[in-house]
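A short worksheet on the structure shown next.
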Amino acid sequence: MAPVPPSVLRALSLPLDLTPSKATLSTSGLGSGFSNTGRITISIPKPQTNSGLSEEDEEQRQYFLKTSPDGEEMFQGEFASLNAIADAVPGFCPRALGWGPLDKGKGYFLVTEFLDLSGRSSRLFTTKSSKTSLAYRLGKLHSTPICSSSSSAKRYGFPVPTYCGNTRQPNEFYDSWAEFYANERLLMILKESERKNGSDAELRDLVTRTAETVVPLLLADDHLGYDYRGQGEGIYPVVIHGDLWSGNASQGRIVKPSPSPSAENEGDGGGVVYDPSACYAHSEYELGIMHMFGGFGKAFFEEYHSIVPKTEPVEEYEDRVKLYELRGGGNHPAARNNPHNRPHHHGPPPARAVAEEVAKPYVFEHTIQECLSATGVDPQREDDIRISGVTWIDNVRKALRLPVKTYNTACVYYHKFRLVHPDSQYSYMDAAAAALFTACKIEDTLKKSRDIVCAAYNLKLPPSEQVSPDDAIFDQHSRGIIILERLMLEASGFDFRSRHPQKLLVKLLKQYGLKRDNEVGILAYCISLDLYRTFAPLKQTTGTMAFACLELASRLLDAGLKDVEAGKDYEDWNLGRAEVMETLLDLLDLYIHHRSSTVVGPEYPLEAFLAIRIPLNKQSEDEGLPRFTHWRDSRVSVSVNIKATNGTGPKHGKNNKHKGKGKGKDQRDREFENAAPAAVGPPPNPLTPVSANGEKPGLSDRGRDGTVRFMLDVERAEAEKKVVSSYFRDTMEEVEE
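Just so we're aligned: the sequence shown equals residues 1 to 737 in full-length UniProt numbering.
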């Protein structure tokens with residue numbers, strides 16, 4: 001425990017002579033990439049009673065502290081942002097209590113009310129409607145006009161600059177929303193990007209034409225807020241969060257430092273937000289980044305729009321949201337550092353002209369092998385370490401009672417991280433902890449980094465010797481996990497989409513007349529957990545994984561599910577036998593070579609898996625199925641020996657016909673066909689983030705690694721979402737997990 005800085009005590013109007021035991025500062029697992037964080041605990045005597053006698057008992061007060069060596073303007077902006085939101089909707093975010101310089105020129109601080117996020121439900125974005133739900137509170141924020149006594153009541157901007165990531169936003173005031181968005185967001189970020197990355201004529205042309213042409217068409221003062229008949233009341237500015245993605249929202253409770261009966265429901269649990277970058281804006285501007293990064297479902301937006309209806313003209317709503325998404329995507333290249341001092345890239349630039357990388361939903365085997373070659377690892381040793389890391393994740397998530405979806409996502413992040421960063425750089429257990437920490441945020445099952453490190457530590461101890469997450473022994477380790485989180489996201493391409501075969505597995509069991517507690521169903525579920533010890537979740541669709549798990553369970557138990565083994569229903573799911581076969585063989589490789597490190601393997605003799613492998617090999621050979629689908633011969637030498645395990649099928653490219661019904665054309669085939677050819681010469685790791693001109697990010701102005709952010713392929717994601725939602729709406733009934 002560290003002492004509380006005197007400057008912070010002064011800001012809280014607390015006595016400076018508190019003993020160290022009465023005023024403590026403990027580092028917290030709720031870290032930020034741009035500041036250090038901690039929890040302040042103060043013990044002071046309770047207020048005097050009416051009789052004037054002092055109570056002997058003490059009361060504890062908790063506060064949240066951020067510090068940064070260069071955070072003066074950043075903390076000033078966050079101070080104003082938090083209080084603007086808290087004034088509009090009490091209880092929606094912690095109030096900022098003070099900010100300023102630390103003593104002896106050691107930097108700056110921001111101190112706020114403490115936000116307790118422990119023990120909260122993960123389903124915060126889909127809860128039933130209530131006056132404390134996230135959707136309701138956000139709707140209330142977006143429907144509350146700015147105080148009429150303010151000189152800026154009808155202007156767009158903010159009294160102070162704010163930061164979104166490490167990008168400074170001046171927030172100059174404008175009478176017109178269209179002018180504010182064009183100048184203070186699109187053109188401002190373009191200017192920042194050019195300052196840090198150098199000029200890009202094509203990017204400048206695109207952004208400028210958007211600001212000068214598209215913005216006035218969609219956001220003009222005499223257009224936005226009016227229907228096609230010209231009827232309406234226009235729009236007015238409201239306080240918005242400004243950086244509201246799923247990682248900045250949760251279910252929690254604000255711990256009041258002292259009783260505050262005048263603050264309505266501020267201490268109650270409910271939807272809460274934090275880390276804002278507020279401004280006075282059109283309410284729909286908030287929805288751009290929410291749609292871009294996901295995490296807010298259909299039920300959330302239905303409840304929200306019941307409070308804040310879509311602005312007229314409603315038929316242009318989706319166009320406006322996509323326009324606002326440009327601000328979220330545009331901020332990412334602005335965060336990068338100037339590349340001019342790095343070696344010049346010779347030759348023509350890559351074909352893609354945009355400044356963002358497109359996150360790819362599938363990683364094929366040829367890319368995996370190229371990654372292993374680029375990192376220079378021994379494949380056999382890498383398999384052992386990767387499986388050990390997944391086992392670590394599984395054990396810790398069970399200790400923390402986290403759902404299987406968090407385990408799935410953590411494994412995917414862990415695999416991608418290992419493909420980019422060899423174990424010589426990081427301990428596999430640190431990488432596994434960072435993957436689980438990241439997955440907890442993505443899947444809204446929030447746990448502090450300290451909770452994860454502590455749970456792993458306690459697994460080795462008897463109950464009587466176990467320690468709490470607040471123990472000082474976890475301080476350094478938990479901070480390291482937070483640092484790795486950003487590298488974890490970059491290795492994943494900032495792709496927050498996850499595929500969870502377990503829910504679909506339950507639907508398939510019902511489709512084939514089996515109950516959830518049927519022996520086949522239980523075994524298939526356990527196989528689905530082992531599946532995440534392989535690379536299959538990176539390569540395959542949800543349907544492919546579910547069918548492979550069910551077929552292997554049927555074959556192990558000799559259950560006789562002929563329709564499953566014959567692939568009778570593949571067409572309904574846009575599947576091909578080649579993909580299912582690849583997944584089956586990945587599983588069998590796991591059970592044959594790493595049987596003791598799996599859930600299912602120890603329950604069966606090695607001969608059981610070999611007996612299944614032999615006829616599958618023969619089927620692959622007879623039907624010409626490849627061992628790995630969508631294999632692409634790289635022009636770069638890959639020092640990995642790929643065995644044609646299942647016969648002599650040719651490498652499978654887009655011209656190779658699948659056997660069986662369904663080709664999976666809408667998903668994985670199109671991903672393969674659009675893949676760029678391998679570069680000539682020694683390439684970077686295929687999953688390493690690079691900018692549009694092929695350069696890797698350097699250090700930012702703040703001395704940290706430049707943040708690289710990604711955009712999803714919106715059209716492909718939308719098409720896939722429609723296909724999946726149509727199937728579940730028309731064909732299958734929902735099954736509660």
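For glycine and all other residues, C-beta sits at the position ideal for the given N, C-alpha and C.
Under DSSP, no beta-bridge partner is assigned to Q476. In this structure V215 touches A182 by the C-beta definition: roughly 5 Å separates them, less than 8 Å. Taking the Cα of P276 as reference, the smallest distance to any Cα among Y108, P145, A84, D205 is reached at A84.
Nearest to K722 by alpha-carbon distance, out of G157, K298, E59, A23, is K298.
Using a 10 angstroms sphere on the CB of S464, the tally of other CB atoms stays under 16, which defines it as exposed. Of D116, A2, G38, the smallest CA-CA separation from L446 is found for D116. DSSP lists T67, G100 as the beta-bridge partner residues of F109. According to the DSSP assignment, S554 belongs to the alpha helix (DSSP H) that extends over 542-557. Linking I42 to L110 through their CA atoms gives a straight-line distance of about 17 Å. Here DSSP, grouped into helix, strand and coil, assigns D116 to strand. Beta-bridge annotation (DSSP): P3 is paired with T24. Contact between the stretch 464-483 and the stretch 432-443 is present: 3 or more CB-CB pairs across the two stretches fall below 8 Å.
Y414 sits in a helix when the DSSP states are folded into three classes. A straight line joining the alpha-carbon of W99 with that of I254 spans about 19 Å. Measuring C-alpha to C-alpha distances from Q619 to each of S597, D378, L584, S528 identifies L584 as the nearest.
Taking all protein chains in view, the Cβ of Y163 is crowded by 16 or more other Cβ atoms within 10 Å, so the residue is classified as buried. Between R320 and L190, the beta carbon gap of about 20 Å keeps them out of contact (Cβ cut-off 8 Å). Burial is judged here by how many other beta carbons sit within 10 angstroms of a residue's own beta carbon; A278 has at least 16 and is buried. Excluding five sequence positions before and after P469, the CB atoms of its chain that fall closer than 6 Å to its own CB belong to R450, D451, C454, given in chain order.
When DSSP reads this structure, Y428 sits in no beta bridge, so it has no partner. With 16 or more neighbouring CB atoms inside 10 Å of its own CB, I235 falls in the buried class. The residue from K140, G71, V599 with its alpha-carbon nearest to that of L529 is V599. Residues S176 of the same chain have their beta carbon placed closer than 6 Å to that of D221, with the five preceding and five following residues left out of the count.
Taking a contact to require three or more Cβ pairs closer than 8 Å, the stretch 376-395 and the stretch 505-513 do not qualify as touching.
Residue environment analysis places Y525 among the buried positions, since at least 16 neighbouring C-beta atoms fall within 10 angstroms of its C-beta. Put simply, the backbone Cα of T144 is about 29 Å away from that of E72.
Selection D558, V420, G389, S424 evaluated against A374 yields V420 as nearest (Cα-Cα). Of the candidates L186, P170, K131, Y414, the residue whose Cα lies closest to the Cα of S306 is K131. The C-alpha of I442 lies about 13 Å from the C-alpha of K448. Around the C-beta of A201, fewer than 16 other C-beta atoms lie within 10 Å, and the residue is accordingly described as exposed. Within the stretch 210-236, the complete alpha helix (DSSP H) segments at least 4 residues long are 215-219, listed from N- to C-terminus. Taking every protein chain shown into account, the CB of I522 has fewer than 16 other CB atoms within 10 angstroms, so this residue is exposed. Between the alpha carbons of L487 and R185 lies a distance of about 27 Å. Within the same chain, Cβ atoms closer than 7 Å to the Cβ of I527 are found at C549, L552, A553, L587, V600, the five residues on either side in sequence being excluded. Here T37 is bridged, per DSSP, to K66. DSSP places A278 in the coil class of the three-state scheme, outside both helix and strand.
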